[in-house]
Structure formats: C-alpha cells, structure tokens
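Asks:
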Amino acid sequence: MMNPVVIDLLNEARHYAGGEPSPALRRCSGAFLRRIKANPEILQAAAEAIETLPSAGAGWIALVLGTGVEEGADPAGAMPALERWLRSRLSRLSTPGINEDEEGEEEEVCLEPTPGQEELIEALESFCQGFVAHLAAMPAERKKLSEDRRLLRRLTTLGGISYAVGWVLEALQRRSGSLVVLHPPTGAGVKLRYENVARNFHLFSLLQVALGTRLPGGRPPDLKIAAAARGETSDEVLDCAWWHYGDPRWKTPEIGGLIRGAGLVTEIPVSNGSRVLLLWPAIVGSRKWNAGFFSPHLDALPANVVVEGDLSPDSAQEWLKTLGVAWLQPSCDRQKQRS
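According to numbering that gives the first Met the number 0, the sequence shown holds residues 0 to 338 in order.
(1) Return the residue from the list 161, 129, 255 that minimises the CA-CA distance to residue 245.
(2) Count the other C-beta atoms from every protein chain shown that fall within 10 angstroms of the C-beta of residue 305, then say buried if there are 16 or more, exposed otherwise.
(3) On the CB-based measure, 16 or more other CB atoms within 10 Å of its CB, does residue 57 come out buried or exposed?
(4) Just to confirm the assignment, what range does the alpha helix (DSSP H) spanning residue 153 have?
(5) If you measure between the beta carbons of residue 270 and residue 247, is that distance less than 9 Å?
(6) Of all the options 88, 252, 152, which has the alpha carbon lying nearest to the alpha carbon of residue 121?
(7) Tell me which residue opens and which closes the alpha helix (DSSP H) that residue 308 is part of.
(8) Should residue 220 and residue 207 be called a contact, given that it needs their Cβ atoms to be closer than 9 Å?
(9) Measuring straight from C-alpha to C-alpha, what distance separates residue 13 and residue 197?
(10) Leaving out five residues before and five after residue 307 in sequence, what residues of the same chain have Cβ atoms less than 7 Å from its Cβ?
(11) At a cut of 8 Å, does the region 281-289 reach the region 153-170 through at least three beta carbon pairs?
(12) In whole angstroms, what separates the C-alpha of residue 277 from that of residue 194?
(13) Cutting at 6 Å between CB atoms, please list the residues of its own chain near residue 7, excluding the five before and the five after it.
(14) Assuming residue 24 and residue 52 make a contact with CB atoms under 8 Å, what is their CB distance in whole Å?
(15) How is residue 317 classed by DSSP in three states: helix, strand or coil?
(16) Any idea if residue 266 is buried or exposed, counting beta-carbon neighbours within 10 angstroms, 16 or more meaning buried?
(17) Take the Cβ of residue 63 as the centre, count every other Cβ of all protein chains shown within 10 Å, and call the residue buried at 16 or more, exposed below.
(18) Determine, using beta carbons only, whether residue 170 and residue 32 come nearer to each other than 9 Å.
(19) Can you grab the Cα-Cα spacing for the pair residue 124 / residue 117, in whole Å?
(20) Please name the residue in 167, 70, 230, 281 whose C-alpha comes closest to that of residue 294.
(21) Check for me: the alpha helix (DSSP H) holding residue 69 runs from which residue to which?
(22) What is the DSSP secondary structure of residue 194, counted as helix, strand or coil?
(23) Among the residues of its own chain, which have a CB less than 8 Å from the CB of residue 5, if the five just before and after it don't count?
(24) Determine the DSSP secondary structure at residue 245, reduced to helix, strand or coil.
(25) Could I get the ranges of all uninterrupted alpha helix (DSSP H) runs contained in the region 70-94, with 4 residues as the minimum, in chain order?
(26) Please determine, among 39, 35, 303, the residue with the shortest C-alpha to C-alpha distance to residue 176.
(27) Can you give me the C-alpha to C-alpha distance between residue 86 and residue 200, rounded to a whole angstrom?
(28) Given that a residue counts as buried once 16 or more other Cβ atoms are within 10 Å of its Cβ, and exposed if not, what is residue 98?
(29) Kindly identify the DSSP beta-bridge partner or partners of residue 223.
(30) Consult DSSP for residue 364 and reduce its assignment to one of helix, strand or coil.
(31) Rounding to the nearest angstrom, what Cα-Cα distance links residue 331 and residue 186 in this structure?
(32) Closest by CA to residue 69, which one among 111, 22, 55, 137?
(33) Going residue by residue through the region 263-294, where are the continuous beta strand (DSSP E) segments of at least 3 residues, counting only ones entirely within it?
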C-alpha cells in the first residue's frame, strides 16, 4: 500500500498546471521531503507514479525528488522511472528525419511545437532540474548514459526548443579526472584535477586561473574570468590562450597538433591514467573565446580545476621521454645554473 505522504503529494501534483505551486502542493512537498530519511522507499514510489501525472505535475515531482537527492537521499530507486519518463517525452518532441547518420539510423529532427508539446516543454524545466540532481549523484549512471549516442543526438537536436534539455546534455558531457600539463621548453610539469568540465575552452580558462604564473607564459589570474568559469557569475567575459595547447602525440608545436577548444575534454589524450596537455609558447595569434563555452552552469555539477602539485624535475623529464617530446632545458638544470 502506498505511503499516505506520497498519495497526498501525487493528488496535489495532478492539479498542478505549472508556474507558482499552490500552498497545498508546497505543504505536501515539504511533508514528503521530511519523511525521506525515515522512509527512503517513498522516492521510488513517487518516481514510479509520475507516468500517471500530467506533464506539469511530473515535472514538479521530479524537482521535489531532486531536492531530496541534494539533501542526501539515495537516487538509485527513483532514477529508472525518471529516465523512462524523459526518454518517452523526448520522443514526443521529435520525428524521424529524412537524413541518415553514419550508423545508418535516422536522425531526429525537431517538430514545430504543438500546444501539447509546448506544455511538455515548459514542464521539462522543472523535470530536468530534478533529473540533473540525480545524474550528479550517480557518476556511473551518468557515464553510461553519456555513451548512448542516440540519446545524445536527440538531446542535441531538441536543445533548440528546450534549454532545459541542454542541462541534461551538459551533465552527460561533463567529466572529472586527473590532468598533467607539461612545459617542454623548461622541462617543468604540474599535476591538476579537473572537476565537471565538458568543453576544452572551459578547461583552458579554469586551467589558466589555477596555474597563474606557475609556468613561464602564465599571468596573474583574472578574477572576473575565474568567477564566470566557475559559474559564480553570469558575466560576459572574453578569455584568450596563454599557451599553445598541444596534443601530446605531436612532438613539436604545430597547428595540426592544436587541441580543439570547441571540442570535449574527452578528446584530450590519456597517458598513464591522466589526460595530458603540452603547453608550448603560442605559435599563432591569440586564440579567444567567450563565456558561452562555460554555459550552461549546473549548480549540481560545479566546474573547477585545482593544482595538486608540481611534478619533480625527474618525473616531468620521464613524462616527456615517454611521450617522445624533446625539451630545451629541464627546470632542474636552470635552477642549478642560477645557483
């Protein structure tokens, strides 16, 4: 038998038409959230019932469930039902296209929204906020969904009519991991950790803020750019590359070995468990990008890059030898000469 607190919440959600929730819906939502710790199974019960609700009500329930997850509730029970709902509703906003992709499957092309679809599009704002909260708490599920190419194509296509769909796509594209940057002209290196970053231009800005003047060619961080890149502000900023961001598979700094700024972080090569960038002096005019590459900001998945430490001269030299990259003068030798 369904828990009374779930029944009350669902009954109120059936009457919700979007916009400002009624006092009764707020009251039932608060009662539901207060019971989660004592009765964690109510999340799954509420999630499995969203299929019976109008679009606006389903969106509200997902938002409430996301709030519960952000407050520490286990998202695993609710996730399957939320995923099913999202997939089925995305299919209602698309239609088979006339072109075929490289796998021979028909691409999904956005329809002009009908009144019913417009109602669904509005509901997706609340639903996707709650869904992203679940994704943020389930990195393994996020990775699995990020490998679903059909889902990614559909999210990309439908992002043109629903910015909320773009939040889900962004969540699936964001990655965290270890990053090693090497400066071949000096033989220096730094190990960093990047958190929740999707695109390389975003990574470059956060990396430059983290490194500052730590390596030759660096500069004091611009606090306005730092705040925008971390999602602390929505200021329009313009950033530029301090270095030639080189692919470690290229032994010398060349245009062909430039890491594509508009590409995803997953395109940066991995060696020994870390993504690797070569920081050469710039070989072309300054590369510039705007804050559009930092968006959309996701409070549940804040982006950042932090320095974990400098590589020892021997360690940096070993990295460069492994990659087959020549360096002009190891930093240890320069320090000896100065002393």
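Cβ coordinates follow ideal geometry from the N, Cα and C atoms, glycine included.
Replies: Taking the definition as stated:
(1) 255
(2) exposed
(3) Under this definition residue 57 is a buried residue.
(4) Where residue 153 is concerned, the enclosing alpha helix (DSSP H) stretches over 148-157.
(5) yes
(6) 88
(7) Note, residue 308: premise wrong, no alpha helix (DSSP H); beta strand (DSSP E) at 303-309.
(8) yes
(9) 37 Å
(10) 190, 191, 192
(11) no
(12) 20 Å
(13) Excluding positions up to five away in sequence, the list reads 27.
(14) So it is not a contact: roughly 12 Å between Cβ atoms.
(15) Residue 317: helix per DSSP, three-state reduction.
(16) exposed
(17) buried
(18) Contact: no.
(19) 12 Å
(20) Of 167, 70, 230, 281, the smallest CA-CA separation from residue 294 is found for 230.
(21) 54-69
(22) strand
(23) 31, 41, 44, 45, 48
(24) strand
(25) For the region 70-94, the full-length alpha helix (DSSP H) segments reaching 4 residues or more read 78-91 along the chain.
(26) 303
(27) 30 Å
(28) At residue 98 the pLDDT is 44, less than 50, meaning the model places this residue with poor confidence; the figure from the coordinates comes in the next sentence. Residue 98 is exposed by the Cβ-count criterion.
(29) According to DSSP, which records beta bridges pairwise, residue 223 is partnered with nothing at all.
(30) Residue numbering for the chain in the displayed model covers 0 to 338; residue 364 lies beyond these limits and cannot be assessed.
(31) Summary for residue 331: the model assigns pLDDT 46, below 50, so the residue's position carries little reliability, and this model does not support an answer.
(32) 137
(33) 273-279, 287-289
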